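Numbering (this note's numbering), first residue to last: 5 to 139.
Now the structure itself:
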């Protein structure tokens with residue numbers, strides 16, 4: 005298993021929206037706290053379970069050195085709390101009601117991330133071979 009004191013930020017390298025989001029996150033991180041890792045290599049490097057790997061194919065995931073694992077809106081809330089100016093939104097996403105709505109919105113965006121990439125003008129240089137792209 006890969007060793008890091010940082011939080012592993014697992015993303016889909018084949019997804020233009022995911023890559024652009026990663027750049028945005030790293031530019032705003034309060035400190036050097038994230039170690040980005042493409043889902044395509046995370047399974048072996050972090051010894052992910054099959055269930056964790058499947059979550060990571062569909063959504064952003066964070067994996068802590070103590071093996072805590074979060075995906076989707078829960079991962080997003082933890083990521084936002086580490087970004088300058090976005091801590092408030094990370095905390096807001098954990099509140100009952102807002103958390104549930106956040107899961108729905110996050111799920112819609114994640115399922116259709118290739119369409120969202122095109123709508124936002126993010127160039128799709130890669131194709132999706134996983135079947136989880138929502139084309």
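We treat Cβ as the ideally placed atom computed from N, Cα and C, and that holds for glycine. Every value quoted in this text rests on a predicted model; they were computed, and no experiment measured them.
Between residue i and residue j, is the Cβ-Cβ spacing less than 8 Å?
| i | j | result |
| --- | --- | --- |
| residue 64 | residue 15 | yes |
| residue 97 | residue 72 | no |
| residue 126 | residue 51 | no |
| residue 66 | residue 59 | no |
| residue 61 | residue 43 | yes |
| residue 107 | residue 94 | no |
| residue 32 | residue 92 | no |
For residue i and residue j, what's the separation of their Cα atoms in angstroms?
| i | j | result |
| --- | --- | --- |
| residue 120 | residue 22 | 10 Å |
| residue 88 | residue 26 | 15 Å |
| residue 101 | residue 35 | 30 Å |
| residue 49 | residue 41 | 9 Å |
| residue 112 | residue 18 | 18 Å |
| residue 122 | residue 28 | 17 Å |
| residue 45 | residue 30 | 19 Å |
| residue 53 | residue 109 | 26 Å |
Could you pull out every residue in the same chain whose Cβ sits closer than 6 Å to the Cβ of residue i, ignoring the five residues on either side in sequence?
| i | result |
| --- | --- |
| residue 47 | 57 |
On the criterion of 16 or more Cβ atoms from any shown chain inside 10 Å, does residue i qualify as buried, or is it exposed?
| i | result |
| --- | --- |
| residue 20 | buried |
| residue 124 | exposed |
| residue 99 | exposed |
| residue 105 | exposed |
| residue 84 | buried |
Below 8 Å CB to CB, which residues in the same chain sit around residue i once its five sequence neighbours on both sides are set aside?
| i | result |
| --- | --- |
| residue 37 | 10, 11, 86 |
| residue 55 | none |
Run through the segment 64 to 111 for me and flag every whole beta strand (DSSP E) of 3 or more residues, listed as ranges in chain order. Counting whole runs of 3 or more residues, the segment 64 to 111 contains the beta strand (DSSP E) stretches 65 to 67, 73 to 75.
Segments assigned beta strand (DSSP E), at least 3 residues, entirely inside the segment 34 to 68: Segments of the beta strand (DSSP E) lying fully in the segment 34 to 68: 38 to 42, 65 to 67.
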